[in-house]
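Taken in order, the sequence shown gives residues 1 to 225; the numbers are from UniProt numbering. Before any comments, here is the structure.
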Amino acid sequence: MVYLPTCHSGIRVSGHLGSGNFASVEKGVWVSSSGTKDVAVKTLHRDAGDANRVKCLQEAAIMAQFHHPNIVLLHGVVIYQDKNISLVMEFLNGGDLSERLKNRHRGNGVDTNTPLVLLNYSIQVTLGMLYLSEKGFVHRDLAARNVLISDKDICKIGDFGMSRELEDSIYYRSAGGIIPIKWTAPEAAFYKKYSTASDVWSYGCILYEIWSLGEKPFSSLLNNE
């Protein structure tokens, strides 16, 4: 049985970060007996339905098992009286790695995506993936957009799942569901066989994104090709 930490009170929402079909993510502050923390609060829409509530709790149960410097940390779960759910996670103020790669100068006129910095990103994602593999977890949606980053260039693998809009340019609707086709290994795309090996394929796509400064893999192909 996995213990789910709870955040009973003290969450103050301060800004909107993003929203999707089933949930929204807000920036907030968590005030607890140990002090204050900047957090990202993912809250299901009230009409998300019971099936998505179960999926949200399953996501929390998975995240609660992870404690690694290159994995997004779950602080706790809030379950409201109307059964709605929020996940309270650490907030990383650098956005996602995909956007960081494209935003090379960050306002100071200096190209900060040097080979050494790109190598550092690559190594940090490797360490996070190695940890997930050792825990027996297959991510299934590894991509630069799902790697969050701090203003000190610390990379952390995360997955905001239901909070993300399904972009036609990224996700492909197949007979087996919606998948990020250009990041998905062939055996996973065609036969739904996900494994550490299929995550390694996706990691190769992340490396392409990193060293091409944010270009999507297989960008010359349409999703159905």
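Virtual Cβ for every residue (Gly too), placed ideally from N, Cα, C. Note that this is a predicted model, so its numbers are computed, not measured.
What does a CB cutoff of less than 8 Å around residue i pick up in its chain, not counting 5 residues either side in sequence?
i	result
His75	Pro5, Cys7, Trp30, Lys37, Val39, Val88, Met89, Glu90
Between the beta-carbon of residue i and the beta-carbon of residue j, is there less than 9 Å?
i	j	result
Ile85	Val72	no
Lys83	Arg53	yes
residue 240	Asn70	Residue 240 cannot be examined here, being either before or after the span of the chain that is shown, 1 to 225.
Gly10	Ser32	yes
Measuring straight from C-alpha to C-alpha, what distance separates residue i and residue j?
i	j	result
Val13	Tyr131	31 Å
Trp183	Leu116	24 Å
Thr114	Pro180	28 Å
Asn93	Phe22	23 Å
Gly49	Arg140	24 Å
Pro135	Gly128	Sequence check: residue 135 is Lys here, not Pro. Cα to Cα, the separation comes out at about 11 Å.
Leu150	Gly95	The sequence given here places Ser at residue 150; Leu does not occur at that position. The alpha-carbon atoms of Ser150 and Gly95 are separated by roughly 7 Å.
Glu59	Asp159	9 Å
Ala64	Ala189	28 Å
His67	Arg46	30 Å
Ser122	Gln81	43 Å
Ala51	Asp111	45 Å
Lys55	Lys152	32 Å
residue 227	Ser219	Absent from the model: residue 227. The displayed extent of the chain is 1 to 225, so no value can be given.
Ser133	Lys156	15 Å
Ser34	Asn120	32 Å
Leu57	Tyr191	27 Å
For residue i, collect the residues of the same chain with a Cβ closer than 6 Å to its Cβ; drop the 5 residues on either side in sequence, then sort them by chain order.
i	result
Ile79	Ile85
Ala185	Ser198, Trp201
Glu187	Lys193
residue 230	The first residue shown for the chain is 1 and the last is 225, placing residue 230 beyond what the model contains.
Met1	Because the pLDDT at Met1 is just 46, under 50, the model does not fix this residue reliably, and the value given afterwards should be weighed accordingly. Excluding positions up to five away in sequence, the list is empty.
Lys42	Ala23, Val25, Leu87, Ser163
In its own chain, which residues sit with a C-beta less than 7 Å from the C-beta of residue i, not counting the 5 before and 5 after it?
i	result
Tyr208	Pro217
residue 238	Residue 238 lies beyond the range of the chain shown here (1 to 225); nothing can be said about it.
Ser195	Val138
Ile170	Reliability of the predicted coordinates at Ile170 is poor, the pLDDT of 47 falling under 50, and the value obtained from them is presented with this limitation in mind. These residues qualify, in order along the chain: Pro180.
Leu17	Val25, Glu26, Lys27, Ala40
Asp168	Residue confidence is low: Asp168 scores 44 on pLDDT, short of 50, so the model does not pin down where it sits. Its coordinate-derived value is still stated next. So no residue of the chain qualifies.
Measure how close the beta-carbons of residue i and residue j come, nearest whole angstrom, since I'm counting them as under 8 Å.
i	j	result
Ser98	Gly214	6 Å
Leu101	Ala143	No, Leu101 and Ala143 are not in contact; Cβ-Cβ is about 12 Å, not under 8 Å.
Ile206	Val125	6 Å
Could you tell me whether any non-hydrogen atom of the ligand SAM is closer than 8 Å to the CB of residue i?
i	result
Ala144	The model depicted lacks the ligand SAM and carries no ligand whatsoever.
Are the C-beta atoms of residue i and some chain C residue less than 9 Å apart?
i	result
Lys42	This model lacks chain C altogether, as it is built from one protein chain only.
- request: Identify every run of the beta strand (DSSP E) within the region 15-95, keeping only runs that are complete inside it and at least 3 residues long; order them along the chain.
  value: 23-32, 35-44, 74-79, 85-90
field: beta strand (DSSP E) runs wholly inside the region 174-198, at least 3 long, in chain order
entry: 177-179
- request: Could you pull out every unbroken alpha helix (DSSP H) segment of at least 4 residues lying fully inside the region 111-153, listed in chain order?
  value: 115-134
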